[in-house]
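Take a look at the structure below.
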Amino acid sequence: MVIADKKALSSFEVRTEADLMAVRASLRVQSDIAGLPLVAQTKLITAGSELARNILKYAGEQGGQMSVSLVWAGERSGVRAIFSDLGPGIPDIPAAMKDGYSTGGSLGLGLPGAKRLVDEFSIESAPGKGTVVTIIQWRR
Amino acid sequence: MASEIVPIIKVGENLLVSLQGDLDDEAVLKLEGQITKEVSRTRAKGTLIDVSGLAVVDSFIARVIARIVGMVRLLGCEAVVVGIQPAVAITLVELGVDMARVHTALNAGKGMELLRRLQA
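Residue numbers (the working numbering), protein chains in the order written: chain H, 43 to 182; chain S, 1494 to 1613.
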């Protein structure tokens, strides 16, 4: 079971490209606190940057948000980041998880690429309901 | 000066560009203009792009760096990217970013050697 440290939760608006720096900085701070090794930390920050970019690309003007928190599973600590938006949603999630799939004119590395970089990845989305992507990186 | 995003140093016939810290997208895009302008102005034969100061390179930043290399080559100048951090290399390969067409070297010294070979 994953338990989140409520005191260490912070939320960020993801609406403009400038917000990407706050997303990366907060993931770095939480990774340090959780004691993630450098490669795990670099992968988490990069995955977060890709997912925040997805929000900018697809969610439209209102953007979305990221909340990041320290999590625990028994003795193991980690960082969890939740990316949510109220954009158009993804009609076909299995297709969106395939390399090369993109409706935004990008290379389509976003979702499958981010998934490969983290220990846990889950996505909930439906047309018209927005999208929530949750990622966790554990300290080994 | 607002148009200068990074310091660009001329070393002999080559330019040395050093990227540091967390760059925002606007800065990364302005780099294209700054570097191509400097290559044209100085008639440099080679450009070394040092990314050892970048702790994180996501797909956007990687693509812009690859694009800058392509632009610089069109100006008749060879370009080599040096100093990719090991954690960044691991991350870019797992992410699926293709940097195969970009000349890279471990550090600035090896990059200068490669530039000399490419210019020969």
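We treat Cβ as the ideally placed atom computed from N, Cα and C, and that holds for glycine. A quick note: this is a predicted structure, and the numbers were derived from the prediction, not measured.
Just verifying my parser: in three-state terms, what is the DSSP assignment at S/Ala1593?
coil
Neighbour flag for H/Lys99 against chain S, beta carbons, 8 Å:
no
Just list the beta strand (DSSP E) runs in the region 1557 to 1603 of chain S, keeping only unbroken ones of 3 residues or longer that don't cross its boundaries, in chain order.
1571 to 1575
Please give the ranges of any beta strand (DSSP E) in the region 65 to 151 of chain H, keeping only runs that are unbroken, at least 3 residues long and fully inside the region.
Correct list: 106 to 115 and 118 to 127.
In this structure, how does DSSP classify H/Val56 when only helix, strand and coil are distinguished?
strand
Can a CB atom of chain H be found closer than 8 Å to the CB of S/Asp1543?
no
S/Asn1507 to S/Ser1552 span [Cα, whole Å]:
27 Å
Tell me which residues of the region 1537 to 1570 of chain S have at least one Cβ-Cβ distance to chain H shorter than 9 Å, keeping chain order.
Ala1548, Val1549, Val1550, Asp1551, Ser1552, Phe1553, Ile1554 and Arg1556
Beta-carbon proximity check, H/Glu59 vs S/Asp1517, cutoff 8 Å
yes
According to a CB-to-CB cut-off of less than 8 Å, which residues of the region 1503 to 1532 of chain S neighbour chain H?
Asp1515, Asp1517, Asp1518 and Glu1519
What would DSSP say about H/Glu166, mapped onto helix, strand or coil?
H/Glu166 falls in the strand class under three-state DSSP.
Give me the chain S residues within the contact set of H/Arg182, using Cβ-Cβ distance strictly less than 9 Å, ordered along the chain.
Simply none; closest approach about 15 Å.
Whole-angstrom C-beta distance between H/Ala64 and H/Leu159, which should lie under 8 Å:
Wrong, their Cβ atoms sit about 20 Å apart, outside the cutoff.
Interface flag, S/Met1494 vs chain H, CB-CB below 8 Å
Legend: pLDDT at S/Met1494 = 42, less than 50; position of this residue unreliable, no value from coordinates given.
For S/Thr1529, which beta-bridge partners are listed by DSSP?
Beta-bridge pairing links S/Thr1529 to no other residue.
Please identify the residue among S/Gln1578, S/Lys1603, S/Val1573 and S/Gly1569 whose C-alpha is closest to the C-alpha of S/His1596.
S/Val1573
Alpha-carbon spacing of H/Leu149 relative to S/Glu1525, whole angstroms
With a pLDDT of 47 at H/Leu149, under the threshold of 50, the modelled position of that residue is not reliable, and the figure given next carries that caveat. Approximately 20 Å between the Cα atoms of the pair.
Beta carbon proximity, H/Lys171 to chain S, threshold 8 Å:
So, not an interface residue.
Scan the region 1575 to 1588 of chain S for residues whose Cβ lies nearer than 7 Å to a Cβ of chain H and list them as they occur along the chain.
Ala1580, Val1581, Ile1583, Thr1584, Glu1587 and Leu1588
Could you tell me whether any Cβ in chain S is nearer than 8 Å to the Cβ of H/Lys140?
no
Pull up the distance between the alpha-carbon of H/Ala156 and that of H/Ala94, whole angstroms please.
11 Å
Classify S/Gly1505 as helix, strand or coil using the three-state DSSP reduction.
Three-state result, S/Gly1505: coil.
Taking CB distances under 8 Å as the criterion, tell me whether H/Ser111 reaches chain S.
no
Using 8 Å for Cβ pairs, my map puts S/Glu1623 next to S/Ile1577. What's the rounded Cβ distance?
Nothing in the structure corresponds to residue 1623 of chain S, since chain S is present only between 1494 and 1613.
Tell me where the beta strand (DSSP E) around S/Leu1541 begins and ends.
Gly1539 to Gly1546
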